[in-house]
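Same order as they appear, the protein sequences are chains V and D. Add 44 to a position in the first sequence, counting from 1, and you land on the number used in this note's numbering. Add 15 to a position in the second sequence, counting from 1, and you land on the number used in this note's numbering. Where is the CB? At the ideal position from N, CA and C, for every residue including glycine. All values derive from a computational prediction rather than experimental measurement.
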Amino acid sequence: MSEKILEMKELVKTYIMGDEEQVVLRGVNLEINRGDFVSILGPSGSGKTTLMNIIGCLDVPTRGTYHLSGELIRDLPEAALSHIRNREIGFIFQQFQLLPRLTAQKNVELPLIYAGVPEKERQERSASILERVGLAEKMKNRPNQLSGGQQQRVAIARALVTEPTILLADEPTGALDQTTGHQIMALFQELSKEGKTIVMITHDSDVAKNGSRIVRIIDGNLSEGVYNA
Amino acid sequence: MLKESIKMALENIISNKMRSFLTMLGIIIGVASIIALITIVSGATATVTNQVSSMGANKVTVQIQGTPLKKGLTQGALESLAKIPNISGISPTISGKTTVASNGISMEDIALQGKNDVYFKNTTDVISSGRTINPIDIENQSRVSLIGSDIVKKLFYGKNPIGQEIKIGGISYTVIGVLQESSRFSSAGQNSAVMIPYTTAMGIVGAKYINNLDIFVQDEAMASTTTQQIEGVLKQDFNGNTDAYSVMNMQSILDTIQSMTSILSMMLGGIASISLVVGGIGIMNMMLVSVTERTSEIGLRKALGAEPIQIQMQFLIESVVLSLMGGIIGFILGVALAWVVCIIIGTTFVLTAGTVILAIGFSAAIGIIFGFAPARKASRLNPIDALRSI
Chain V
45 MSEKILEMKE
55 LVKTYIMGDE
65 EQVVLRGVNL
75 EINRGDFVSI
85 LGPSGSGKTT
95 LMNIIGCLDV
105 PTRGTYHLSG
115 ELIRDLPEAA
125 LSHIRNREIG
135 FIFQQFQLLP
145 RLTAQKNVEL
155 PLIYAGVPEK
165 ERQERSASIL
175 ERVGLAEKMK
185 NRPNQLSGGQ
195 QQRVAIARAL
205 VTEPTILLAD
215 EPTGALDQTT
225 GHQIMALFQE
235 LSKEGKTIVM
245 ITHDSDVAKN
255 GSRIVRIIDG
265 NLSEGVYNA
Chain D
16 MLKESIKMAL
26 ENIISNKMRS
36 FLTMLGIIIG
46 VASIIALITI
56 VSGATATVTN
66 QVSSMGANKV
76 TVQIQGTPLK
86 KGLTQGALES
96 LAKIPNISGI
106 SPTISGKTTV
116 ASNGISMEDI
126 ALQGKNDVYF
136 KNTTDVISSG
146 RTINPIDIEN
156 QSRVSLIGSD
166 IVKKLFYGKN
176 PIGQEIKIGG
186 ISYTVIGVLQ
196 ESSRFSSAGQ
206 NSAVMIPYTT
216 AMGIVGAKYI
226 NNLDIFVQDE
236 AMASTTTQQI
246 EGVLKQDFNG
256 NTDAYSVMNM
266 QSILDTIQSM
276 TSILSMMLGG
286 IASISLVVGG
296 IGIMNMMLVS
306 VTERTSEIGL
316 RKALGAEPIQ
326 IQMQFLIESV
336 VLSLMGGIIG
346 FILGVALAWV
356 VCIIIGTTFV
366 LTAGTVILAI
376 GFSAAIGIIF
386 GFAPARKASR
396 LNPIDALRSI
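Here it is as structure tokens:
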């Protein structure tokens with residue numbers, strides 16, 4: 045039995061839209077163990093983005109509990125949530141979200157700046173992680189000098205560099221062509237084999253099959269079918 | 016973190032060169048005009064002050080217009096003036112026109128000045144050779160004279176005149192010294208003037224009264240009090256007729272000049288600082304645009320672990336860097352402008368540390384004040400909304 049790092053119990057998220065209360069997540073129960081590669085599969089409007097925001101500590105649940113690395117995530121001051129995100133979560137976005145003015149290496153260093161890592165160590169860690177994702181030659185390039193696949197690799201390196209508890213990917217192949225998407229998924233598989241915990245949000249069931257577990261979300265309800273890849 | 020923020024601020028400023036420059040222009044113009052105005056005014060003040068104080072800040076000048084009954088001061092009044100504390104000496108001047116002659120050559124319409132030893136004690140570089148009039152000359156009404164360089168040239172053919180005889184108003188005097196050749200406007204007449212003891216002058220010019228006094232004070236800071244006491248003595252001497260005399264205190268003239276120029280420089284500075292406020296609004300506008308443009312960047316930074324205060328600091332540093340750059344450029348331009356103007360109008364160029372601190376301080380303050388609201392706006396963005404706005 046491996047270590048449980050994420051646990052959601054009867055998690056409800058509602059938004060107030062005008063006078064109406066809109067329920068987005070209806071009592072979600074989810075457990076993720078260290079080393080899992082979980083695909084959260086759902087169509088748009090299913091509540092998967094809200095679920096991702098809560099997993100990523102960008103948002104907090106209305107009701108129910110969410111424990112991440114044993115810590116209860118609730119309505120904390122924004123600075124405290126920032127620290128948790130910095131330490132626990134490695135974000136990978138559909139649109140890469142690289143800063144265009146910074147080199148690949150500087151982009152990767154960004155979360156380390158907020159973690160208070162000294163400059164020299166930042167450079168060493170960012171260089172070695174870029175090498176790991178196969179971009180040793182491109183460290184000094186800016187995002188606009190890189191292909192989409194390379195940009196997503198930089199983003200993955202940025203997510204890995206803080207050694208977070210969870211890699212949280214939101215449609216990581218959504219902005220890429222099929223071939224490049226396969227390469228990125230191959231990299232995810234490698235990272236999973238190395239023991240990284242990955243949570244991937246997608247609407248594409250083919251992409252979702254890369255995960256060791258697929259969790260479906262429809263209308264704010266989760267249902268799970270386990271696939272062993 | 017601070018170093019990173021400054022680096023990022025510079026990168027952002029450089030990547031928007033044109034916009035940054037136009038934004039800075041307001042600050043540049045504001046700081047340049049303040050610095051130029053202050054420097055020019057303080058240069059002019061220094062020049063005027065120097066000129067006035069070279070006439071003697073420790074000197075109180077008394078002019079006696081007199082009344083029909085009493086044309087000037089008597090020796091008695093002079094003695095009661097001498098009793099006022101803080102007075103180091105009184106130098107009366109008797110002025111007249113006379114004729115000088117020697118070696119069969121005569122010069123007419125020569126300025127004659129009767130002076131005493133106090134004048135020479137308080138005035139430097141009066142003579143170029145020989146000796147000055149001493150207390151014994153005053154006491155004895157000695158027939159001794161100091162003569163101007165033009166008279167030396169004309170009457171003594173450039174020979175050493177000291178010890179020679181000279182006829183002043185037909186009476187023979189011994190030359191004891193030669194007056195310093197001067198081109199200064201304040202003593203331009205000195206080259207063709209003669210000076211004799213004032214006691215002697217009272218005899219020959221026929222003046223029974225003294226109409227002009229220079230009173231020297233010991234402590235310049237007390238000059239105005241002493242001036243009031245002098246006025247008191249004069250008022251009594253002229254039976255309350257204050258129109259009979261005028262008392263002029265160099266220190267009070269200096270104070271007036273300085274307070275006038277400081278008001279002037281504050282007024283001009285105030286007008287110029289309006290442009291600084293306009294410049295600040297320009298910075299605020301640019302920062303607000305910058306926050307809007309970089310919403311997704313802010314969202315990303317927050318997702319990666321930036322605290323709100325770190326976001327706020329980053330934008331605040333950016334606006335301070337922007338306005339400081341403007342301030343430094345403006346300072347250099349303002350100083351250059353003031354330097355050129357000082358050369359043209361011929362005043363001293365004075366650059367004080369205060370001016371430098373003022374320029375730097377003002378522009379940094381503008382950056383903080385006008386950068387605060389945009390930076391706060393950035394720090395309060397919700398990361399979820401910010402990330403979505405691609």
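May I have the straight-line CA-CA distance separating residue i from residue j, to the nearest angstrom?
i	j	result
L125 of chain V	S274 of chain D	59 Å
T110 of chain V	K92 of chain V	Per the sequence shown, the amino acid found at residue 110 of chain V is Tyr instead of Thr. If you take the alpha carbons of Y110 of chain V and K92 of chain V, they lie about 16 Å apart.
S201 of chain D	M265 of chain D	Confidence is the limiting factor: at S201 of chain D the pLDDT is only 46, short of 50, which leaves the residue's position unreliable, though a coordinate-based value still follows. For S201 of chain D and M265 of chain D, the distance between alpha carbons rounds to 15 Å.
I44 of chain D	A61 of chain D	25 Å
I405 of chain D	S311 of chain D	Note that I405 of chain D has pLDDT 49, beneath the 50 cutoff, so the model's placement of it is unreliable and the number below is only indicative. Their backbone Cα atoms lie some 6 Å apart in a straight line.
D80 of chain V	S256 of chain V	7 Å
G184 of chain D	T241 of chain D	38 Å
E215 of chain V	Y59 of chain V	23 Å
N73 of chain V	K253 of chain V	21 Å
F36 of chain D	L17 of chain D	23 Å
V356 of chain D	S48 of chain D	13 Å
V209 of chain D	I125 of chain D	7 Å
M33 of chain D	L303 of chain D	17 Å
Y260 of chain D	I102 of chain D	19 Å
T89 of chain D	Y224 of chain D	6 Å
I332 of chain D	M340 of chain D	12 Å
T307 of chain D	T38 of chain D	17 Å
D119 of chain V	D103 of chain V	8 Å
Q227 of chain V	Q196 of chain V	11 Å
S407 of chain D	V56 of chain D	The requested residue 407 of chain D does not occur in the structure, where chain D is confined to residues 16 to 405.
E47 of chain V	T217 of chain V	29 Å
L160 of chain V	G320 of chain D	Inspection of the sequence shows that residue 160 of chain V is occupied by Gly rather than by Leu. Taking the straight line joining both Cα atoms gives about 11 Å.
I181 of chain D	G218 of chain D	17 Å
For a quick check, are the C-beta atoms of residue i and residue j less than 8 Å apart?
i	j	result
V205 of chain V	I76 of chain V	no
Q195 of chain D	D229 of chain D	no
R169 of chain V	L156 of chain V	yes
R70 of chain V	V82 of chain V	no
L337 of chain D	I383 of chain D	no
I210 of chain V	I133 of chain V	yes
G173 of chain D	T189 of chain D	no
With DSSP run on the structure shown, which of helix, strand or coil describes residue i?
i	result
E276 of chain V	This structure cannot settle anything about residue 276 of chain V, because the visible part of chain V is limited to 45 through 273.
N151 of chain V	helix
Y110 of chain V	strand
R260 of chain V	strand
R145 of chain V	coil
S103 of chain D	strand
A116 of chain D	strand
I298 of chain D	helix
I162 of chain D	strand
D250 of chain V	helix
N226 of chain D	coil
L179 of chain V	coil
K168 of chain D	helix
M340 of chain D	helix
V209 of chain D	strand
Could you tell me if the beta carbon of residue i falls within a distance shorter than 7 Å of some heavy atom in the ligand COA?
i	result
E181 of chain V	In terms of ligand content, the structure shown is empty, and the ligand COA therefore cannot be addressed.
Output, in chain order, the set of chain D residues within a Cβ distance shorter than 8 Å of residue i.
i	result
L69 of chain V	None at all; the shortest Cβ gap to chain D is about 14 Å.
A219 of chain V	In chain order: nothing, as chain D lies at least about 10 Å away.
Q196 of chain V	None at all; the shortest Cβ gap to chain D is about 15 Å.
P155 of chain V	L319, G320
L143 of chain V	E312, L315
Which chain D residues are close to residue i, counting only those with a beta carbon under 7 Å from its beta carbon?
i	result
N97 of chain V	I399
Residues of chain V with a CB under 7 Å from the CB of residue i: which are they?
i	result
K317 of chain D	S126
I21 of chain D	Here the premise fails: no neighbours, minimum Cβ distance about 13 Å.
M16 of chain D	I157
E26 of chain D	R145
Please compile the residues from chain V whose C-beta is within a distance smaller than 9 Å of the C-beta of residue i.
i	result
G369 of chain D	Here the premise fails: no neighbours, minimum Cβ distance about 37 Å.
M302 of chain D	None at all; the shortest Cβ gap to chain V is about 17 Å.
What residues from chain A crowd round residue i, counting only those whose CB sits closer than 9 Å?
i	result
D119 of chain V	No chain A is present in this structure, whose protein chains are V and D.
Margin query: Contact between the segment 97-109 of chain V and the segment 145-153 of chain V is defined here as three or more beta-carbon pairs at a separation below 8 Å; is this criterion met?
Written below: Short answer: they don't touch.
Margin query: When you compare the segment 348-361 of chain D with the segment 322-333 of chain D, are there three or more beta-carbon pairs, one atom per stretch, that lie closer than 8 Å?
Written below: no
Notebook entry, point to check: Using 8 Å as the Cβ pair cut-off and three pairs as the minimum, do the segment 232-239 of chain D and the segment 121-133 of chain D touch?
Noted result: no
Next item on the list: Could you tell me whether the segment 375-395 of chain D touches the segment 85-100 of chain V, using the rule of 3 or more Cβ pairs below 8 Å?
Entry: no
Item checked: the segment 184-193 of chain V / the segment 219-235 of chain V touching (three or more Cβ pairs under 8 Å) -> Contact between the segment 184-193 of chain V and the segment 219-235 of chain V is present: 3 or more CB-CB pairs across the two stretches fall below 8 Å.
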